[in-house]
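The opening position of the sequence shown corresponds to residue 1 in the UniProt record's numbering, with each subsequent residue numbered one higher.
Note that beta-carbon positions come from the ideal geometry of N, C-alpha and C, so glycine has one too.
Below: the structure, in structure tokens.
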Amino acid sequence: RGKKRCRRVYLENVSVVCGEDAVFACEVTQASFTVKWAKDGKAIRTSKKYEISQQEKLMKLTIRNVSAEDSGEYSCEVTYLFSVSALCACSCTICCSKNTIDNITTNDHAAQPAIFKQKLEKQEAEEGASVTLQCELSKPGVSVQWKKGTQVLKSGEKYQMKQKASVNELIISKVVPEDSGDYSCVCGDQKTTANLKIKGRRRIYS
1 RGKKRCRRVY LENVSVVCGE DAVFACEVTQ ASFTVKWAKD GKAIRTSKKY EISQQEKLMK
61 LTIRNVSAED SGEYSCEVTY LFSVSALCAC SCTICCSKNT IDNITTNDHA AQPAIFKQKL
121 EKQEAEEGAS VTLQCELSKP GVSVQWKKGT QVLKSGEKYQ MKQKASVNEL IISKVVPEDS
181 GDYSCVCGDQ KTTANLKIKG RRRIYS
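Here it is as structure tokens:
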């Protein structure tokens, strides 16, 4: 009895072309449940924009005709009515990139690739803290990739990736000295890199 235990399951970040549909799915494991979809914490209801459906054990959210304004964090919370466990906060991000060609004229400015207006800055942090690395591109809604050294990072309990218009953030939770190193945000052939240094906690021995 008491509060239900929660198990977090993270979905992959999703990049879609503007004008297409985006589909997210969350699997249920028991009967008798309720499902709540949300965008950035705000409840989503069925409408012309959003379709909520079920296919066997998969709960699906379809976002119609995606635009840059649809970028954000989406979550699916599944609560089982006759169980002590609940599946919470499956999150993922839409990075909407435009894919249009003008067959008559070419806009030189639009043809230019996105570049970093604000680059990553090196940081120092204490062990156990949360660290946010931030950079800004010259265009909003462009897909990026985060790396530590050569390792591609994925959303999970350790890392969260956020995108708000042209600003991209990497949030690293509960850092330890092993998290020290060079972090990069990559956009096409553009890249910005900064060093993160984690100071270990002082240990006092009696």
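*asked:* Pop quiz: LEU120 and LEU133 are said to be a contact at Cβ under 8 Å. What is the actual Cβ separation, rounded to whole angstroms?
replied: 5 Å
*Rounded to a whole number of angstroms, what is the C-alpha to C-alpha distance between TRP37 and ASN65?*
18 Å
*Indicate whether the contact test is met: 3 or more Cβ pairs, each with one atom in the stretch 194–201 and one in the stretch 157–165, closer than 8 Å.*
no
_Three-state secondary structure assigned by DSSP to GLU127_ = coil
*Have a look at CYS135 and CYS187 and give me their C-alpha separation to the nearest angstrom.*
11 Å
_Beta-bridge pairing of GLY181 - partner residues as DSSP gives them_ = LEU196
*Kindly indicate which residue of PHE33, ILE63, ASP40, GLU56 has the alpha-carbon position closest to the one of THR46.*
ILE63
_Comparing C-alpha positions only, which one of GLN55, VAL167, ILE172 sits nearest to ALA125?_
ILE172
*ALA38 by DSSP, collapsed to three states: which one?*
strand
*Contacts around VAL167, its chain only, beta-carbon distance under 6 Å, and the 5 residues preceding and following it disregarded*: GLU136
_Can you give me the C-alpha to C-alpha distance between LEU58 and LEU153, rounded to a whole angstrom?_
26 Å
*For LYS139, which residues from the same chain have a beta carbon less than 7 Å from its beta carbon, with the 5 sequence-adjacent residues on both sides left out?*
ALA114, SER166
_Identity of the residue in ILE52, GLY181, VAL175, SER53 nearest VAL131 by Cα_ = VAL175
_The beta strand (DSSP E) enclosing SER53, as first and last residue numbers_ = 50–55
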